[in-house]
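Here the structure is laid out as structure tokens; the discussion comes afterwards.
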Amino acid sequence: MSKQQLLTPYHKNFSIKNRIVMAPMTRSRADNEEKVPTDALQGVYYEQRASAGLIITEGSQVSKQAVGYVNTPGIHSEAQVEGWKHVTKRVHDQGGTIFMQLWHVGRISHPDFHNGKLPVSASAINPNAQSFTPEGFKDTVTPKAMTVAEIKQTVKDFQHAAANAVKAGFDGVEIHSSNGYLFQQFFNACSNTRTDEYGGSIENRTRFFFEVLDAIKEVMPQERIGARFNPSLHGMFGITVDEETIPTFEYIIKKLNDYNLAYVHLSEPFTDVSDVPFAVTDIAKHFRPLYNGTLMINNGFDKKDGNKVLEAGDADLVAYGKLFISNPDLVERFKQDLELADWDKDTFYTPGEKGYTDYPKASK
Ligand SMILES: Cc1cc2nc3c(=O)[nH]c(=O)nc-3n(C[C@H](O)[C@H](O)[C@H](O)COP(=O)(O)O)c2cc1C
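For reference, each letter of the sequence shown is one residue, going 15 to 378 in this note's numbering.
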């Protein structure tokens, strides 16, 4: 049997021992006042999964304003940097590589997180979605449209957070420009009706993202920066695809050829978009020819599909989400062709070790 592509090392801008990536996943376990990850909980969880070629952490808020889910860890304070140091040390001690996902949820947040003040977004348009607040799920509200000064401040917040991630020992960062959060709220016409330099044309709607990327580049090598996109996201988080959506992502991905990033991380559609006008159903195939750098693909892959997408040359790396929740030794299980454990979705976001650090390794 030929060797699985997933298990081969990857060397380009950064070197990783296999092509199996742990996808970023919010687990809502930083249940302390400062939203600090701890050695005993997040440290152990990520260490258990360090055999992945690359771990991308859960989305971590870049500022107090960026938060939108209960008990997610941050990367804006000194205490948070100290907390994350435990995580990076444990992963590195196991020979692993770990990037931090930098997150601002924009309008998916809720006034409950901001002493009653409105969350911010590109425009004052309610996504009509749900926020996961300390008191449970609540309807989203109409956000406040960001002023240019607030946009500039947010650029600085991302830069500060990236510098903190470096201080905390991360090997790189991933900009969370996906899944209907702040950057995608600027990208998509349904959520961005601005008439200034951040709205209207494709160039304007993507300006904020590139300003953030350029700012982060000033504090760390661009070879250590990744960015995540979900071009065919439709009907979730108040985001819809229209005739300008895919051209917007094509513009972004092509422009990223002018950079030398660690990778571009794309998601196949989260819902069936085969009947949605203007959506692309096969994201890896569509975008691969447009991008010269490292392409990571995600969503719904198993071992067979993962090897297949690599063999076809449609991606270089495959990110696995839920399988990594319930199979800390996913790489070994793929290697040995062992049975995979099912995840328990009831404990995705609950506090403590249950459903977090208590999934065992496979017994052979
Ligand atoms: C519990 C959970 C939390 C998630 N949190 C994040 C997140 O913080 N950032 C992100 O980009 N995606 C997040 N996602 C999406 C995953 O990264 C991934 O796209 C999704 O699980 C599909 O991949 P899979 O089929 O391999 O699970 C989350 C998914 C799950 C199940």
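For each residue, glycine too, the CB sits at the ideal point set by N, CA and C.
| query | result |
| --- | --- |
| heavy atom of ligand 1 below 6 angstroms from residue 336 C-beta | yes |
| Where the beta strand (DSSP E) containing residue 344 begins and where it ends | No beta strand (DSSP E) holds residue 344; the alpha helix (DSSP H) holding it covers 344 to 350. |
| Cβ distance (whole Å) where residue 65 is taken to contact residue 88 below 8 angstroms | Residue 65 to residue 88, Cβ: 27 angstroms. No contact. |
| First and last residue of the uninterrupted beta strand (DSSP E) at residue 72 | 68 to 75 |
| Any alpha helix (DSSP H) of 4 or more consecutive residues that is wholly inside the segment 136 to 200 | 162 to 181 |
| Contact test: residue 37 Cβ vs ligand 3 heavy atom, cutoff 6 angstroms | Ligands displayed in this structure: ligand 1; ligand 3 is not among them. |
| Beta-carbon spacing of residue 151, residue 81 below 7 angstroms | no |
| Check: residue 312 C-beta below 6 angstroms from any heavy atom of ligand 1 | yes |
| Which listed residue (96, 315, 120 and 104) has its alpha carbon closest to that of residue 192 | 120 |
| Coarse secondary structure for residue 24, derived from DSSP in three states | strand |
| Strand pairing of residue 309, partner residues [DSSP] | 278 |
| Sequence-distant residues of the same chain with beta carbon closer than 7 angstroms to residue 372, five excluded per side | none |
| Contact belief for residue 284 with residue 247 at Cβ below 8 angstroms, rounded distance in angstroms | 6 angstroms |
| The alpha helix (DSSP H) enclosing residue 222, as first and last residue numbers | 216 to 231 |
| Reduced DSSP secondary structure (H/G/I, E/B, other) of residue 101 | helix |
| Within 7 angstroms, strictly: CB atoms of residue 50 and residue 79 | no |
| Residue 116 - containing beta strand (DSSP E), residue span | 112 to 117 |
| Nonlocal neighbours in the same chain, by C-beta distance under 6 angstroms from residue 23, ignoring five residues either side | 31 |
| Pick from 328, 178, 270 and 308 that is closest to residue 90, judged by C-alpha positions | 178 |
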